[in-house]
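Counting from 1, position 214 in the sequence shown corresponds to residue 216 in this note's numbering; the numbering is continuous, with no gaps.
The beta carbon of each residue, even a glycine, is placed where N, CA and C say it ideally should be.
The block underneath contains the structure these notes are about, expressed in C-alpha cells.
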Amino acid sequence: MLRRNVPKTLGMGLMLVFALHFLLMFYAKGILQKLVLGDLQKKLYLPPSEQNGTVMERLSHLEVDLLHLRERMKLAMKQPKDVGDTLARVKDEEHPVQNAVQAKARGFFKQKPNKLLFPNSQLFKQWGWDLPEAEQKEAEDLFQKFGYNVYLSDQLPLDRTIPDTRDYRCLRKRYPSQLPSLSVILIFVDEALSVIQRAITSVINRTPPPLLKEIILVDDFSSNGELKAYLDEKIKLYNQKAPGLLKIIRHTERKGLAAARNTGREVATADVVAILDAHVEVNVGWAEPILARIQEDRTVIVSPVFDNILFDTFKLKKYGLAADGFNWELWCRYDSLPQAWLDLHDVTAPVKSPSIMGILAANRLFLGEIGSVDSGMLTYGGENVELSLRVWQCGGSIEVLPCSRIAHLERHHKPYSLDLSVPLKRNALRVAEIWMDEYKHMVYMAWNVPLQDEVPGTHNSSRHTSGVRFIFIILSLQMKKLKHRVERKLFKNSGIDFGDISSRMALRKKLNCKTFDWYLKNVYPVLKPINSIVGYGRMKNPLDESVCLDQGAIPGNSPIMYHCHQYSPQNVYYHLTGEFYVGPLIAERNTDDRCLTDPGKEEKPTLEPCSKAVKYRLHIHWDFKQGRAVINRATKRCLEMKRDTSGGYVLVLQTCTTQVWTIQYTVGNWGSN
Ligand code: UDP
Ligand code: MN
Numbered sequence: 003m004l005r006r007n008v009p010k011t012l013g014m015g016l017m018l019v020f021a022l023h024f025l026l027m028f029y030a031k032g033i034l035q036k037l038v039l040g041d042l043q044k045k046l047y048l049p050p051s052e053q054n055g056t057v058m059e060r061l062s063h064l065e066v067d068l069l070h071l072r073e074r075m076k077l078a079m080k081q082p083k084d085v086g087d088t089l090a091r092v093k094d095e096e097h098p099v100q101n102a103v104q105a106k107a108r109g110f111f112k113q114k115p116n117k118l119l120f121p122n123s124q125l126f127k128q129w130g131w132d133l134p135e136a137e138q139k140e141a142e143d144l145f146q147k148f149g150y151n152v153y154l155s156d157q158l159p160l161d162r163t164i165p166d167t168r169d170y171r172c173l174r175k176r177y178p179s180q181l182p183s184l185s186v187i188l189i190f191v192d193e194a195l196s197v198i199q200r201a202i203t204s205v206i207n208r209t210p211p212p213l214l215k216e217i218i219l220v221d222d223f224s225s226n227g228e229l230k231a232y233l234d235e236k237i238k239l240y241n242q243k244a245p246g247l248l249k250i251i252r253h254t255e256r257k258g259l260a261a262a263r264n265t266g267r268e269v270a271t272a273d274v275v276a277i278l279d280a281h282v283e284v285n286v287g288w289a290e291p292i293l294a295r296i297q298e299d300r301t302v303i304v305s306p307v308f309d310n311i312l313f314d315t316f317k318l319k320k321y322g323l324a325a326d327g328f329n330w331e332l333w334c335r336y337d338s339l340p341q342a343w344l345d346l347h348d349v350t351a352p353v354k355s356p357s358i359m360g361i362l363a364a365n366r367l368f369l370g371e372i373g374s375v376d377s378g379m380l381t382y383g384g385e386n387v388e389l390s391l392r393v394w395q396c397g398g399s400i401e402v403l404p405c406s407r408i409a410h411l412e413r414h415h416k417p418y419s420l421d422l423s424v425p426l427k428r429n430a431l432r433v434a435e436i437w438m439d440e441y442k443h444m445v446y447m448a449w450n451v452p453l454q455d456e457v458p459g460t461h462n463s464s465r466h467t468s469g470v471r472f473i474f475i476i477l478s479l480q481m482k483k484l485k486h487r488v489e490r491k492l493f494k495n496s497g498i499d500f501g502d503i504s505s506r507m508a509l510r511k512k513l514n515c516k517t518f519d520w521y522l523k524n525v526y527p528v529l530k531p532i533n534s535i536v537g538y539g540r541m542k543n544p545l546d547e548s549v550c551l552d553q554g555a556i557p558g559n560s561p562i563m564y565h566c567h568q569y570s571p572q573n574v575y576y577h578l579t580g581e582f583y584v585g586p587l588i589a590e591r592n593t594d595d596r597c598l599t600d601p602g603k604e605e606k607p608t609l610e611p612c613s614k615a616v617k618y619r620l621h622i623h624w625d626f627k628q629g630r631a632v633i634n635r636a637t638k639r640c641l642e643m644k645r646d647t648s649g650g651y652v653l654v655l656q657t658c659t660t661q662v663w664t665i666q667y668t669v670g671n672w673g674s675n
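Given below as C-alpha cells:
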C-alpha cells in the first residue's frame with residue numbers, strides 16, 4: 003500500500019516543496035522590494051504615502067517614478083536657488099566667489115565646488131560659478147550662439163518685474179485721457195525665444211490695453227529653428243486671449259535692420275508706431291509720454307531712455323539721462339544734456355537731441371511722409387543717423403523723453419556680424435553722400451577711406467630703391483592703378499559700394515531739405531569739421547613698410563612704430579598748417595585731437611592735446627611733403643626711426659639724416675610735387 007502510495011506521496015511532497023519554495027520566493031521578493039524601495043524613498047525623499055500599495059503596483063510604477071525623480075533632480079540641479087526670485091539671484095551673482103563659498107556652506111556641493119570650465123568666458127565673470135559642468139557647457143554654447151545668457155533667460159519668469167527707473171517727478175505727470183493708438187514693432191534676427199516672449203509680455207503688461215492696437219513681429223530671416231513653428235504656436239496662444247493682437251511678418255531673405263523696421267511700419271495700422279528691438283523689456287508708464295508728445299507734435303521723432311539689461315546676469319543697470327549723438331564715423335554715443343534743457347529745471351521735459359540710437363517712436367504717417375527708414379542701409383548701423391539728419395534737415399525734430407524708459411539688452415557680441423565696422427563704414431559713406439554736402443570728407447577721413455581723386459599707392463617712395471626693385475614697384479603700381487580704375491567703375495571712387503542713392507537724393511529735393519551746414523550750426527555744433535587736412539591714413543617709412551606710426555598705449559602719450567593694421571589708432575592726419583593728428587579722428591568742440599609734439603630736449607616725440615600744446619607753446623608744427631622728411635618747424639629736428647636692442651623700430655627726434663616718410667592718402671593737389 004505504502005509502495006503503491008509512494009509515487010502519490012512523493013508527488014504531493016514535491017508539490018508541497020514547490021509551493022513552499024514559491025511562497026518563500028514571493029516573500030523574499032517582497033522583503034527585498036521593501037528594502038530597496040525604502041532605501042530609495044529615504045534617498046529620494048518620496049512622501050510616506052508612496053509606501054502604500056501592493057508590491058506589484060510598486061513594480062509597475064517604479065520605472066515611471068524613477069523617471070519623474072530623475073527629471074526633478076535634474077531641475078533641482080539646474081535651479082540651485084529660487085529662480086522666481088530674480089533680484090535675490092542677481093544679488094547673489096554679484097559676488098561669485100562669496101557665493102560659491104556660501105553655496106558650499108549650504109551643502110550645495112556634495113564634495114567640492116565645480117570646476118569653472120570657461121574661466122576666460124565673459125559669461126562666467128559674474129555668474130554661474132555654482133553650475134555643474136554639463137550646465138556650464140550648455141550655458142556657454144548658448145552664450146556663444148546668442149551673445150547673451152539664454153540659459154538664465156530661459157529660467158527667468160517672462161513677466162518678471164524690473165525696477166522702475168523713472169525720476170519720482172515722472173510719477174506726478176498727468177497725460178490726456180484721449181491718446182493716439184499704438185503699434186509696437188519688434189524686429190529680430192536669431193534672438194532667443196524666451197527673450198522675445200519677455201519683450202511681448204512686458205509690452206502687453208505695461209501698455210494701457212485700450213491704446214495698444216497691435217504687436218508686430220518682424221523676423222529678418224532667422225535661422226534659429228525655435229523661432230518658426232514654435233513661435234507661431236506662442237502667437238496663437240497670445241491671440242486666443244486678445245484676438246488679433248499679435249502679427250508676424252517673415253522676411254524670406256536677410257534684409258538688415260533698416261528694412262526690418264520699414265516692414266513693420268508698412269504693415270502697422272495704429273496712429274503711432276514704436277519700433278523696438280526684440281530684446282527689450284518696456285518699463286512701467288513707458289507709452290504714455292510717447293503718445294502724449296506725438297499727439298502734441300506729429301513731426302517729432304522720439305526716443306525713450308534706455309537702461310541696460312546686463313548680458314550675463316540679466317540684472318538691470320540704470321542709465322542716466324543724455325542726448326543721443328554720434329561721431330564722425332557715425333557710431334552712436336551719449337552726449338551731455340543741452341544747456342537749454344538744463345535751464346528749464348524740469349527733469350521731465352523732453353530733451354532735444356541731434357540723433358536717435360535706433361529704437362524710435364513716431365507718428366506712423368509722418369514717418370512715411372519723410373521716407374521712413376532708408377532700406378538701402380545694409381545689416382546694421384548708420385540708419386539711425388540717416389533718419390536723424392533727414393528729420394532735422396527736412397523739418398522735423400528729435401527728442402529723448404525722460405519719463406519713458408525701456409530696458410534694452412546690450413549683447414556681448416552680435417550673432418549676425420563678426421565685425422560691425424564693415425557694414426557701418428559702408429552705411430556711413432551712404433549717409434555722407436546723401437546728407438553731408440561739403441562736409442562728407444570728414445566721414446571718409448574718420449574711416450580712413452580715400453576721397454574721390456586719389457589713386458592708392460601713388461605716395462609710395464621709390465627714392466632709395468635698386469633697379470630691379472624699381473621696375474617691380476612701377477609694375478605693381480600700374481597693376482594697382484588698373485585695379486583701382488576697375489573698382490572706380492564698379493564701386494564708386496572710394497572702392498566701397500554704398501548702393502544707389504538716386505531715390506534718396508530725389509527725396510531730399512522733394513522734401514526741400516536744409517543743408518548739413520545748417521544742421522551743424524543749429525542742431526549739432528559739437529561736431530567741428532576740419533578743412534586743413536591734406537594727407538591722411540597710414541604713415542610709413544620706406545626703411546620698413548611693415549610698421550606704421552601708431553598712437554601707442556592708452557592711457558599714455560608715447561607714439562610708437564607698430565605692425566601695420568587697419569584700425570584707427572594708426573590714423574594720421576597732416577594739416578596744411580603743420581599739425582599731425584595721431585589716432586582716431588575726433589574733430590569736436592569739447593574734445594581735443596592729439597598732436598605729434600617735439601618736447602624740445604628728449605629724444606622721443608609725444609602726443610599732446612592740440613589746444614593744450616598751443617597754450618603751452620609746445621612744438622606741434624612740422625614741415626612735410628609726400629615722400630620727404632618730417633621736420634619740426636621750431637626745433638628743426640627730424641622725426642625718424644631707429645632700431646632698438648630687440649630688433650624692432652622706435653621713433654626718435656634727431657638731427658636729420660636721409661629718412662623720409664609717406665602718408666597713405668593725399669587731398670587735392672597736395673603732395674603731387
Ligand atoms: N536685426 C535685424 N536684422 C539684421 C540685424 C539686426 O532685424 O540684419 C535686429 C536685431 O535682432 C535687433 C535690432 O535689429 O532686434 C537691432 O540690432 P542690435 O540689437 O544688434 O543693435 P544694437 O541694439 O546693439 O545697436
Ligand atoms: Mn539692440
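Selection Lys516, Phe582, Leu509 and Met563 evaluated against Ile535 yields Phe582 as nearest (Cα-Cα). The C-alpha of Pro165 is placed about 16 Å away from the C-alpha of Pro306. Going by beta carbons, Phe500 and Arg432 fall inside the 7 Å limit.
The count of Cβ pairs closer than 8 Å, one atom from the segment 265-281 and one from the segment 324-335, stays below three, leaving the stretches out of contact. Contiguous alpha helix (DSSP H) elements confined to the segment 385-462 occur at 385-395, 423-437 and 443-448, taking only those with 4 or more residues. At least one heavy atom of the ligand UDP lies closer than 6 Å to the C-beta of Leu259. Secondary structure at Leu247: coil, using DSSP grouped into helix, strand and coil. Contact between the segment 352-360 and the segment 282-290 is absent: fewer than 3 CB-CB pairs across the two stretches fall below 8 Å. Here Gly258 carries a coil assignment [DSSP, helix/strand/coil]. Of the other Cβ atoms in all chains shown, 16 or more fall within 10 Å of the Cβ of Gly383; this residue is therefore buried. Put simply, the residues with a CB less than 6 Å from any heavy atom of the ligand MN are Asp279, His281 and His410, in chain order. In the same chain as Leu422, and ignoring 5 residues on each side of it, the C-beta atoms closer than 7 Å to its own belong to Tyr382, Gly383 and Lys416, in chain order.
Arg300 sits in coil when the DSSP states are folded into three classes, being neither helix nor strand.
Counting along the chain, Lys627 sits inside no alpha helix (DSSP H), nor does DSSP assign it H or E at all. CA-CA distance, Ile189 to Ile532, rounds to 38 Å.
If you look at Thr668, you'll find it isn't in any alpha helix (DSSP H); it sits in the beta strand (DSSP E) that goes Thr664 to Thr668. With fewer than 16 other Cβ atoms from the protein chains shown falling within 10 Å of its own Cβ, Ala136 counts as exposed.
Residue range Ile535 to Lys542 is occupied by the beta strand (DSSP E) that includes Arg540. With the rule of 3 Cβ pairs closer than 8 Å, the segment 393-408 counts as touching the segment 511-525. By the Cβ neighbour-count rule, Arg540 is buried, with 16 or more other Cβ atoms within 10 Å of its own. Secondary structure note for Cys612: its alpha helix (DSSP H) is the uninterrupted segment Cys612 to Lys617.
For Val152, the enclosing alpha helix (DSSP H) starts and ends at Val152 to Ser155. Using a cutoff of 6 Å, the CB of Gly360 counts as near the ligand UDP, since one of the ligand's heavy atoms is closer than that. Put simply, the segment 630-640 does not touch the segment 583-595. Fewer than three CB pairs are less than 8 Å apart. Between Asn264 and Val375, the gap from beta carbon to beta carbon is short of 7 Å. Contact between Gly537 and Trp330 fails: their C-beta atoms lie close to 17 Å from each other, not under 8 Å.
Closest by C-alpha distance to Trp624, out of Lys317, Val632 and Arg171, is Val632. Judged by DSSP in its simplified three-state form, Met359 adopts coil rather than helix or strand. Going by DSSP, Val525 is part of no alpha helix (DSSP H) at all; its letter is neither H nor E. Rounded to the nearest angstrom, the gap between the Cα atoms of Ala244 and Asp299 is 31 Å.
Beyond the five residues adjoining it in sequence on each side, Trp343 comes within less than 6 Å, by CB distance, of Val353 in the same chain, given in chain order. For Ala434, the CB contacts under 6 Å within the same chain, skipping 5 residues up- and downstream, are Lys442 and Val445 in chain order.
Within the segment 263-298, the complete alpha helix (DSSP H) runs of at least 4 residues fall at 289-298. Following the DSSP letters along the chain, one finds Ala141 inside the alpha helix (DSSP H) bounded by residues Glu135 to Phe148.
Around Glu140, the same chain offers Tyr153 as residues with beta carbons nearer than 7 Å, after the five sequence neighbours per side are excluded. Burial of Arg168 is indicated by the presence of at least 16 other C-beta atoms within 10 angstroms of its C-beta.
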